[in-house]
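A.B. asks: Chains as they are written, first to last, in this note's numbering: chain A, 1 to 532; chain B, 1001 to 1182.
Note that beta-carbon positions come from the ideal geometry of N, C-alpha and C, so glycine has one too.
Predicted, not measured: the structure shown is a model, and the values here were computed from it.
What follows is a structure written as structure tokens; I'll ask about it next.
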Amino acid sequence: MTADPADPADPADPADAAEAVPATEDGWQRLDPRNRLVAAVFLAGPPIAVGLIWLVGRALVPSGLMWTLASLGVTGMVIGGVTLVEWFTVRYRVTDERLQVRSGFLVRNHRSIPRDRIRSVDVSASPLHRLFRLATVKIGTGQHVGSGTEELKLDGVAPAEADRLRAVLLYRSAPAASGTATGATAASGVRGDAPIARLDWAWLRYAPLTVSALLAVFGALGVLYKPLDALGLGPQDIVRLGVVRGAVGEFNAVPLWMSIAVAVLVVLVVAVLGSLLIFVLTWWGFRLDDEGATLRTRRGLLTTRSVTLEKRRLRGVEIAEPLLLRAGGGARVNAVAVGLKSGNDGKSDSDANTRALLPPAPRAEAHRVATRVLGEDPTAAVALRRHPRRALRRRINRAAGVALAVAVILAVLAVFWIPAWSVACALVLFPLLLPFSFDAYRSLGHGVTGEYLVTRYGTGMRTTVGLRRDGVIGWKITRSPFQRRAGLVTLVATTAANDGAYRVRDVEPAAALGFAEESVPGLLVPFLAHDS
Amino acid sequence: MDGAGGGSVVGEMTGELGGPGGVRLRPPRHPVDPRARRWWTTRALLPVAPPVVVLAVLAALIAPARTWLLVALVVVVVCGAVYTVVMPRWRYRFHRWEATDDAVYAAEGWVFQQWRIAPMSRIQTVDSERGPLARAFGLAAVTVTTASSAGAIKIVGLDADTATDLAHRLTAATEATPGDAT
Chain A
1 MTADPADPAD PADPADAAEA VPATEDGWQR LDPRNRLVAA VFLAGPPIAV GLIWLVGRAL
61 VPSGLMWTLA SLGVTGMVIG GVTLVEWFTV RYRVTDERLQ VRSGFLVRNH RSIPRDRIRS
121 VDVSASPLHR LFRLATVKIG TGQHVGSGTE ELKLDGVAPA EADRLRAVLL YRSAPAASGT
181 ATGATAASGV RGDAPIARLD WAWLRYAPLT VSALLAVFGA LGVLYKPLDA LGLGPQDIVR
241 LGVVRGAVGE FNAVPLWMSI AVAVLVVLVV AVLGSLLIFV LTWWGFRLDD EGATLRTRRG
301 LLTTRSVTLE KRRLRGVEIA EPLLLRAGGG ARVNAVAVGL KSGNDGKSDS DANTRALLPP
361 APRAEAHRVA TRVLGEDPTA AVALRRHPRR ALRRRINRAA GVALAVAVIL AVLAVFWIPA
421 WSVACALVLF PLLLPFSFDA YRSLGHGVTG EYLVTRYGTG MRTTVGLRRD GVIGWKITRS
481 PFQRRAGLVT LVATTAANDG AYRVRDVEPA AALGFAEESV PGLLVPFLAH DS
Chain B
1001 MDGAGGGSVV GEMTGELGGP GGVRLRPPRH PVDPRARRWW TTRALLPVAP PVVVLAVLAA
1061 LIAPARTWLL VALVVVVVCG AVYTVVMPRW RYRFHRWEAT DDAVYAAEGW VFQQWRIAPM
1121 SRIQTVDSER GPLARAFGLA AVTVTTASSA GAIKIVGLDA DTATDLAHRL TAATEATPGD
1181 AT
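As structure tokens, then:
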């Protein structure tokens, strides 16, 4: 191993930090030296902390908690070990044509991707990274390898170096491994203009209207349960606490309807506060910038993220309106772009919001951002064609099917366990689901405007997609037995962007063929037959 | 049902799409190899046969539960037989393919049906593959991958030589097209 260079004198100065990145021969570079500090904290911290707790509080701390702490400590040390190994082994180099990354200790790993295949550069920094002034750079190529998307990750580079990589890899102008000064200037080369959009705190009112936020809150509560349990504070123990016991006593004294109302109120308050917190954590400092050839979003309170996206990889936009948000007059905007992972395959917030061009915001703002990003707004300009009434019948049948399935399940249960009248609940379910059927039908629509095709669908999450017509890389027409009976098909435009497919659901075959032909003229012609 | 746009029965079975009096999507030109029917039949028997054997053996051995086991056996045999007989025939009528200079066009499915079209300029890779069972019937499949993550076009049940020829033709056509097909 080469001799360790001196630690940066002043970690607060990014320029100093960047210059401290040691460049070895042939332009191979290592990760930032501060990774050793991170590794040291992770390797030494847990044994010291756990040891101290064991020495001092052995008698007080329950053994279950001790084991939990110990396993957490081991996890921390593994992270430290990985960080240390990466510091010793990871080398990367940007040549004129390729980005090369070498890694691995026992198994040497060499990865090399052509620079013209790089589609997005994503810079993020977790709170820990920010403490040590480090960042993670993810380089996306949009090539599908197996089920996932090929991605290169450099974990632990200086923020200035991350900016340099971003500039070099996306603009392809600066020479490889040049001085960081030019890179840094190119990176901050936002064209003097105001950002396309920046966070307006009034949008905070939309936070409780996003279902994903509510789910995240309850997910967090579920995660909290385990440590509390480890502390010896299971639900039954909490009930034993004096204050809570008093409350429970009161609770039992009041009528049932009031208990239910209070419980619902508590859940609502927790959910609203949690969703506000998540909104603030996720969207703090959000701004969307037009950098000429690229678009860049920046956001995050604790973990900061910056996603840079080449405009020529952009294939359109998606206006997403979850039911509650739509009712509140809000919408979100997602990019439809080659090289961005779909929002569904990542469970964590960081993955789900990679494509986001705008947090939940007023609908007018969403359309304004779409216009600024694409130069036109197909989702607003288009005159959507409605789908046949048979599509509505299919949606009503679906509601009936759900109600019937629930009725059957309840009926089976009623034989053994539950009172017979509960079967009647399923009958109430059908009229409750009907509005959703009608709404789902009203949502359906498709059309072509300018360079874009537009399709809209969904009720729980109404999605309006404007997809560039030249971004369509194939067609798929699917037909289920039910659709065959109704004389309908689903037309799927396949694309290299995002999920890879956008659907026009439940249209007549002739309308589907006409729409496909209008969107991508000529492709279908050899396979069409006309009645004379 | 009003049946508008549903197509004739013949149209449904041979993969034509669209009603009379309008524009229609004709089925792709080439059927798959007739041996594909036997291949599909064998593949249908694989999941059906083991439960039949197990149920029959249990019914023979366990006298007290014989009635119920025989009922289960009859259900499995009837469903399995229908599946084994119907599926390969429907598939054979519906599975068709075609490759022009500009595009690949394929129809597949039986209960759930789909038609796929990919322009030659957007094809990224072409693979031909032969599974062990398909090899026993002299069959092969050609997989045409585009940059979409929504799935490749897979043409199954081709004669092995036809598959090799098709894969070569498509590969040549794809290589002749510049760009990264996104």
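For a contact meaning CB atoms closer than 9 Å, what does ILE1117(B) contact in chain A?
C.D. replies: Translated into the one-based positions of the second sequence, residue 1117(B) becomes position 117. Those within 9 Å of ILE1117(B) in chain A are GLY474, TRP475, LYS476, ILE477, ALA516, LEU523, LEU524, PHE527.
A.B. asks: Taking the beta strand (DSSP E) that TRP1068(B) falls in, what are its first and last residues?
C.D. replies: Here residue 1068(B) is taken as the residue at index 68 of the second sequence, counted from 1. Premise fails: TRP1068(B) lies in the alpha helix (DSSP H), 1066-1094, not in any beta strand (DSSP E).
A.B. asks: Counting only Cβ pairs nearer than 7 Å, list the residues of chain A close to TYR1105(B).
C.D. replies: For the purposes of this step, residue 1105(B) is taken as residue 105 along the second sequence, with counting starting at 1. Those are PHE527, listed as they occur along chain A.
A.B. asks: Under the assumption that ILE113(A) contacts LEU152(A) (Cβ atoms under 8 Å), give the Cβ distance between them as a whole number of angstroms.
C.D. replies: Indexing the first sequence from 1 puts residue 113(A) at position 113. Indexing the first sequence from 1 puts residue 152(A) at position 152. That belief holds up - the Cβ atoms of ILE113(A) and LEU152(A) are roughly 6 Å apart, short of 8 Å.
A.B. asks: In the DSSP output, what is TRP1110(B) paired with across the bridge?
C.D. replies: Working through the second sequence from its first residue, we reach residue 1110(B) at position 110. Its beta-bridge partners do not exist; DSSP assigns none.
A.B. asks: Quick one: give me the first and last residue of the alpha helix (DSSP H) that HIS530(A) is part of.
C.D. replies: Here residue 530(A) is taken as the residue at index 530 of the first sequence, counted from 1. Where HIS530(A) is concerned, there is no enclosing alpha helix (DSSP H), although the beta strand (DSSP E) it sits in stretches over 528-530.
A.B. asks: Short of 7 Å in beta carbon distance, which residues of its chain neighbour THR1041(B), apart from the five on each side in sequence? Order them along the chain.
C.D. replies: Translated into the one-based positions of the second sequence, residue 1041(B) becomes position 41. Answer for THR1041(B): THR1084, PRO1088, listed in chain order.
A.B. asks: Using a Cβ-Cβ distance under 9 Å, would PRO509(A) count as near chain B?
C.D. replies: Position 509 of the first sequence, counted from the start, is the residue given in the question as residue 509(A). Yes - at least one Cβ of chain B is within 9 Å of the one on PRO509(A).
A.B. asks: What number of angstroms, rounded off, separates the C-alpha of PHE416(A) from the C-alpha of ALA426(A)?
C.D. replies: Counted from its first residue, the first sequence places residue 416(A) at position 416. Counted from its first residue, the first sequence places residue 426(A) at position 426. Each residue's Cα considered, the two are about 18 Å apart.
A.B. asks: How many whole angstroms separate the CB atoms of ALA1118(B) and ARG1130(B), which I take to be in contact at a CB cut-off of 8 Å?
C.D. replies: Reading the second sequence from its first residue, position 118 is the one you call residue 1118(B). Reading the second sequence from its first residue, position 130 is the one you call residue 1130(B). Not a contact, Cβ separation roughly 22 Å.
A.B. asks: Here's the rule I'm using: 16 or more other beta-carbon atoms within 10 Å means buried, otherwise exposed. How should ASN344(A) be labelled?
C.D. replies: What you label residue 344(A) is simply residue 344 of the first sequence in a count that begins at 1. Only weak support exists for where ASN344(A) lies, its pLDDT of 40 falling under 50; the coordinates are left without a value.
A.B. asks: Using the C-alpha atoms, what's the distance from ALA501(A) back to ARG198(A)?
C.D. replies: On the first sequence, position 198 is the one that residue 198(A) refers to. On the first sequence, position 501 is the one that residue 501(A) refers to. Cα to Cα, the separation comes out at about 30 Å.
A.B. asks: I'd like to know if GLU1175(B) contacts chain A, where contact means its C-beta is closer than 9 Å to some C-beta of that chain.
C.D. replies: Position 175 of the second sequence, counting from 1, holds the residue named residue 1175(B). Answer no: the Cβ-Cβ gap between GLU1175(B) and chain A never drops below 9 Å.
A.B. asks: Where DSSP assigns a beta bridge to ILE989(B), which residues make up the other side?
C.D. replies: No statement about residue 989(B) is possible, as the shown extent of chain B runs from 1001 to 1182 and does not include it.
A.B. asks: Is the shortest distance between the beta-carbon of THR1171(B) and the beta-carbons of chain A less than 9 Å?
C.D. replies: For the purposes of this step, residue 1171(B) is taken as the residue at position 171 of the second sequence. No - not a single Cβ of chain A is within 9 Å of the one on THR1171(B).
A.B. asks: Tell me the rounded alpha-carbon separation between LYS1154(B) and ARG1037(B).
C.D. replies: Here residue 1154(B) refers to the residue found at position 154 of the second sequence. Here residue 1037(B) refers to the residue found at position 37 of the second sequence. So the alpha carbons of these two residues sit roughly 17 Å apart.
A.B. asks: Since LEU1073(B) contacts VAL1052(B) with CB under 8 Å, what's their CB separation in whole angstroms?
C.D. replies: Counting from 1 along the second sequence, the entry for residue 1073(B) is found at position 73. Counting from 1 along the second sequence, the entry for residue 1052(B) is found at position 52. Going by Cβ atoms, the distance from LEU1073(B) to VAL1052(B) rounds to 7 Å, so yes, they are a contact pair.
A.B. asks: Among VAL1032(B), ALA1063(B), ALA1056(B), whose alpha-carbon lies nearest the alpha-carbon of ARG1091(B)?
C.D. replies: Here residue 1091(B) refers to the residue found at position 91 when the second sequence is read from its first residue. That would be VAL1032(B), whose Cα lies nearest to the Cα of ARG1091(B).
A.B. asks: List the DSSP bridge partners of LYS476(A).
C.D. replies: In the first sequence, the residue the question calls residue 476(A) occupies position 476. VAL492(A), ARG1116(B).
A.B. asks: Quick one: does the C-beta of PHE436(A) sit closer than 8 Å to a heavy atom of the ligand GTP?
C.D. replies: Ligands displayed in this structure: none; no statement on the ligand GTP is therefore possible.
A.B. asks: Please confirm if THR1143(B) has its CB atom under 9 Å from at least one CB of chain A.
C.D. replies: Residue numbering aside, residue 1143(B) sits at position 143 when the second sequence is read from its first letter. Not closer than 9 Å to any Cβ of chain A, the Cβ of THR1143(B) fails to qualify, so no.
A.B. asks: If you measure beta-carbon to beta-carbon, which residues of the region 1125-1138 of chain B are closer than 8 Å to chain A?
C.D. replies: Cβ contacts with chain A come from no residue of the region 1125-1138 of chain B.
A.B. asks: Look at VAL338(A) and LEU288(A) and say whether their C-beta atoms are less than 9 Å apart.
C.D. replies: What you label residue 338(A) is simply residue 338 of the first sequence in a count that begins at 1. What you label residue 288(A) is simply residue 288 of the first sequence in a count that begins at 1. No; because the gap between Cβ atoms is not below 9 Å, this pair is not in contact.
A.B. asks: Go ahead and pull the three-state DSSP assignment for SER306(A).
C.D. replies: For the purposes of this step, residue 306(A) is taken as the residue at position 306 of the first sequence. SER306(A) falls in the strand class under three-state DSSP.
A.B. asks: For THR294(A) versus LEU374(A), is the C-beta distance shorter than 9 Å?
C.D. replies: One-based indexing of the first sequence puts residue 294(A) at position 294. One-based indexing of the first sequence puts residue 374(A) at position 374. Going by C-beta atoms, THR294(A) is not nearer than 9 Å to LEU374(A).
A.B. asks: Return no unless some Cβ of chain A is closer than 9 Å to the Cβ of VAL1074(B).
C.D. replies: Taking the second sequence and counting its residues from 1, one reaches residue 1074(B) at position 74. For VAL1074(B), the answer is no, since every Cβ of chain A falls outside 9 Å of its Cβ.
A.B. asks: By the 10 Å Cβ neighbour count, where 16 or more other Cβ atoms means buried, how is VAL267(A) classified, buried or exposed?
C.D. replies: For the purposes of this step, residue 267(A) is identified with residue 267 of the first sequence, where counting begins at 1. Looking at its Cβ environment, which holds fewer than 16 other Cβ atoms inside 10 Å, VAL267(A) is exposed.
A.B. asks: Where do the N-terminal and C-terminal ends of the alpha helix (DSSP H) with ALA1167(B) fall, by residue?
C.D. replies: As a working note, residue 1167(B) is residue 167 in the second sequence. From DSSP, the alpha helix (DSSP H) with ALA1167(B) extends over 1160-1175.
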